[in-house]
Amino acid sequence: MKICFIGTGYVGLVSGACFADLGNSVWCVDNNKEKIDSLNNGHVPFFEPGLQELVIKNYSSGRLKFTTDLSMAVKNSDIIFICVGTPTAKKNQSADLHYVYKVVGKLSACINKFKIIVTKSTVPITTGDKIERIILRKNRKKLFEIVSNPEFLREGEAIRDFRFPDRIIIGANNKKVTKKLKSLYEPLIKKGAKFFVTSRRGAELIKYASNAFLATKISFINEIANLCEKTGVNVEDISIGMGLDQRIGGRFLRAGPAYGGSCFPKDTKALTVTGKLFKTDLSIIKSVIRSNEKRRSFLIQRVQKILSNKIKNKRIAFLGVTFKPNTDDMRESSSPSMISFLIKRKAKINYYDPSGEKKEFSKLNNVSYCNNLKEACKNIDLVIIHTEWEEFKALDFNKLCKKNKFKIYDMRNLYSHELMKKKGFHYYSIGR
Ligand SMILES: NC(=O)c1ccc[n+]([C@@H]2O[C@H](COP(=O)([O-])OP(=O)(O)OC[C@H]3O[C@@H](n4cnc5c(N)ncnc54)[C@H](O)[C@@H]3O)[C@@H](O)[C@H]2O)c1
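Letter by letter, the sequence shown follows residues 431 to 862 in this note's numbering.
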């Protein structure tokens with residue numbers, strides 16, 4: 431099929447490359463010329479495992495093409511996926527839809543024959559209705575259908591998630607269109623992905639409700655971890671014991687720092703705004719947002735306590751700054767607020783992240799990027815493990831830190847509490 435992705439970020443580029451790999455002819459469009467030039471030169475401008483290879487393979491075969499020319503790409507495609515960002519608005523907590531509407535504004539002029547226009551971007555309920563009204567103003571013959579097909583891939587696992595999704599959700603009010611999209615997704619359905627069709631508004635809400643529910647699970651176990659710390663119980667036992675109940679499930683029950691990333695924080699906030707708009711009090715989600723905010727300060731207070739409130743001149747190795755492993759995405763990671771708190775109190779931070787140096791810290795005094803763990807941990811007073819990268823899971827701390835007394839704060843529970851104590855480390859973790 432001839433398809434086109436508008437917005438070549440984590441969602442648009444991964445989906446575009448994966449659909450090309452299934453044999454479709456794909457245009458990927460972006461208004462960021464630098465990004466498109468980079469892709470046309472065979473370089474993926476962000477880190478997602480396996481994506482570079484997949485892009486090169488499909489670009490070389492001619493199935494995957496990159497352009498800034500939205501009109502040309504849309505005219506040459508039958509199905510158009512909108513994959514631009516929907517961050518939190520500056521003025522309130524709603525989703526900022528101006529990127530979406532900018533694209534929509536351009537689409538009406540490019541509809542030369544029947545098009546299926548699909549929102550893959552996460553958009554609040556009724557956005558599809560508004561998009562339809564906007565395009566109808568200029569395309570009175572209605573040579574198009576607006577569909578919602580929310581995306582559930584996770585950064586760091588995006589290609590696997592595309593190829594083996596739990597479910598494909600289609601929100602459409604037209605059977606013919608649903609059939610066409612089902613045939614596009616057929617290779618994934620054959621491998622076991624569930625294909626679920628609902629109304630357009632239903633699909634829009636499924637995405638927000640799913641993210642809010644996962645965020646709730648994380649905040650829930652984080653609060654239980656706080657209770658474990660006070661009562662001498664291991665939160666991991668609680669997660670396992672709860673997770674063995676199939677009604678609950680063990681995933682997203684790992685205690686750690688506040689949830690971050692490009693989706694949960696913005697989507698939970700946007701959903702409460704939708705609730706307000708429709709005069710529905712989403713009190714659980716509001717309290718999850720509050721709990722997550724508190725989580726940020728809670729862990730910082732814990733760092734203060736570990737250092738006996740003597741932060742000045744302490745040398746701290748910060749391992750991992752991204753919100754999760756296998757991505758270079760810093761959006762809403764809890765590391766910037768933690769690091770800025772520590773340097774305000776005159777700590778000296780060495781940070782290391784396998785995905786490289788981050789612009790967020792480049793102008794900060796007393797924050798240095800280190801090229802490897804050895805450099806980051808040498809003569810350090812405290813090691814903070816912030817992100818769960820594989821590389822951090824079997825460290826020889828004595829060899830790395832080269833100091834008599836140092837402390838370790840493992841925010842991801844990567845090490846056995848008992849073993850670390852037995853080895854004589856000053857080791858602190860979460861909820862145990
Ligand atoms: N990142 C994720 O893990 C993930 C997962 C599921 C859903 N989503 C949702 O998917 C959407 C996209 O997320 P993302 O992380 O891929 O965003 P992103 O910021 O990585 O990419 C968005 C891209 O859109 C481009 N863009 C903006 N305006 C444009 C325009 N007018 N024309 C062409 N291109 C334009 C930007 O230059 C950018 O490259 C969001 O709504 C997000 O909530 C993201």
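Glycine included, C-beta positions come from ideal geometry on N, C-alpha and C.
Would you check if the stretch 617-626 and the stretch 644-656 touch, i.e. whether three or more CB-CB distances between them fall below 8 angstroms? No: the two stretches stay apart, fewer than three of their Cβ pairs being nearer than 8 angstroms.
ILE670 beta carbon less than 8 angstroms from that of GLY680: Yes, they are a contact pair.
Same chain only: Cβ atoms within 7 angstroms of LYS647, ignoring 5 sequence neighbours per side: Contacts found: PHE682 and LEU683.
Just verifying my parser: in three-state terms, what is the DSSP assignment at ARG726? In this structure, ARG726 counts as helix in the three-state DSSP scheme.
What do you reckon, are the CB atoms on ILE814 and PHE748 nearer than 8 angstroms? Cβ atoms of ILE814 and PHE748: closer than 8 angstroms.
Just to check, is the beta-carbon of LEU701 closer than 7 angstroms to a non-hydrogen atom of ligand 1? Outside the cutoff, so no.
Can you tell me whether DSSP reads ARG493 as helix, strand or coil? ARG493 falls in the coil class under three-state DSSP.
Unbroken alpha helix (DSSP H) run spanning GLU587, endpoints: Counting along the chain, no alpha helix (DSSP H) covers GLU587, and no H or E run does either.
Jot down the residue ranges of each uninterrupted alpha helix (DSSP H) in the stretch 656-728, minimum 4 residues, whole runs only, in chain order. Whole alpha helix (DSSP H) segments, 4+ residues: 665-673 and 694-707.
Coil, strand or helix - ASN828 by DSSP: In the structure shown, ASN828 sits in a helix (DSSP, three-state: H, G or I).
Return yes when at least one heavy atom of ligand 1 lies under 7 angstroms from the C-beta of CYS448, else no. Not so, every heavy atom of ligand 1 lies at least 7 angstroms from the Cβ.
Delimiting residues of the beta strand (DSSP E) encompassing ARG597: Residue range 597-601 is occupied by the beta strand (DSSP E) that includes ARG597.
Have a look at LYS823 and GLU616 and give me their C-alpha separation to the nearest angstrom. Using only the alpha carbons, I get a separation of about 39 angstroms.
7 angstroms CB neighbourhood of PHE855 in its chain, flanking five on each side removed: Cβ within range, chain order: PHE827 and ILE838.
Endpoints, beta strand (DSSP E) assigned at GLU848: Note, GLU848: premise wrong, no beta strand (DSSP E); alpha helix (DSSP H) at 847-852.
Could you give the DSSP three-state label for THR549: helix, strand or coil? Here THR549 sits in strand by DSSP.
Taking 7 angstroms as the cut-off, does the CB of GLY515 come closer than this to any heavy atom belonging to ligand 1? Answer for GLY515: yes, Cβ within range of ligand 1.
What did DSSP end up calling SER578 once you bin it into helix, strand or coil? Strand at SER578.
Just curious, the alpha helix (DSSP H) that ASP840 is in, first and last residue? For ASP840, no alpha helix (DSSP H) segment is defined; the enclosing uninterrupted segment is the beta strand (DSSP E) at 837-840.
As a quick exercise: from LEU812, CYS693 and LEU566, pick the residue whose alpha carbon is nearest that of LYS735. Per the Cα distances, LEU812.
Collapsed DSSP secondary structure at THR557 in the structure displayed: In the displayed model, THR557 falls within a helix according to three-state DSSP.
Taking the C-alpha atoms as reference points, what is the distance between LYS804 and ILE810? Distance between the alpha carbons of LYS804 and ILE810 is about 11 angstroms.
In the DSSP assignment, the beta strand (DSSP E) including ILE815 goes from what residue to what residue? Element bounds for ILE815: 812-815.
Contacts around GLY705, its chain only, beta-carbon distance under 7 angstroms, and the 5 residues preceding and following it disregarded: Same-chain partners within the cutoff: ASP711 and LEU712.
Own chain residues within Cβ distance below 6 angstroms of LEU849, not counting five before or after: Closer than 6 angstroms at Cβ, skipping near neighbours: no residue.
Considering only heavy atoms of ligand 1, does any lie closer than 7 angstroms to the CB of ASN796? Placement of the Cβ of ASN796 at a distance of 7 angstroms or more from every heavy atom of ligand 1 is found.
Residues of its chain near ASN542, where Cβ-Cβ distance is below 6 angstroms and the 5 sequence neighbours each way are ignored: Within the same chain, LYS505 come within 6 angstroms of ASN542 by CB-CB distance, once the 5 residues on both sides are set aside.
Compare the Cα-Cα distances from THR661 to each of ARG862, LYS852 and SER445 and report the closest residue. Ranked by Cα distance from THR661, the first of ARG862, LYS852 and SER445 is ARG862.
THR628 - containing beta strand (DSSP E), residue span: In the DSSP assignment, THR628 falls within the beta strand (DSSP E) that extends over 624-628.
Does the beta-carbon of SER455, which I'm using as the reference point, lie nearer than 7 angstroms to any heavy atom of ligand 1? No, the Cβ of SER455 stays beyond 7 angstroms of every heavy atom of ligand 1.
Go ahead and label GLU820 buried or exposed: buried means 16 or more other beta carbons lie within 10 angstroms of its beta carbon, across all protein chains shown. GLU820 comes out exposed.
With a cut-off of 8 angstroms, do at least 3 Cβ pairs link the stretch 473-482 to the stretch 539-558? By the criterion of at least three beta-carbon pairs nearer than 8 angstroms, the stretch 473-482 is not in contact with the stretch 539-558.
Closer than 7 angstroms to a non-hydrogen atom of ligand 1 - does that hold for the CB of THR710? Within 7 angstroms of the C-beta of THR710 there is not a single heavy atom belonging to ligand 1.
Roughly how many angstroms separate the alpha carbons of THR752 and LYS605, rounded to a whole number? THR752 and LYS605 have their C-alpha atoms roughly 42 angstroms apart.
Taking 8 angstroms as the cut-off, does the stretch 475-490 touch the stretch 515-523 (at least 3 CB pairs, one atom from each stretch)? For the pair of segments examined, the stretch 515-523 was found not to touch the stretch 475-490: the number of CB pairs separated by less than 8 angstroms stays below three.
If you run the structure through DSSP and keep just helix, strand and coil, what is ASN780? Assignment of ASN780 by DSSP, reduced to helix, strand and coil, places it in the strand class.
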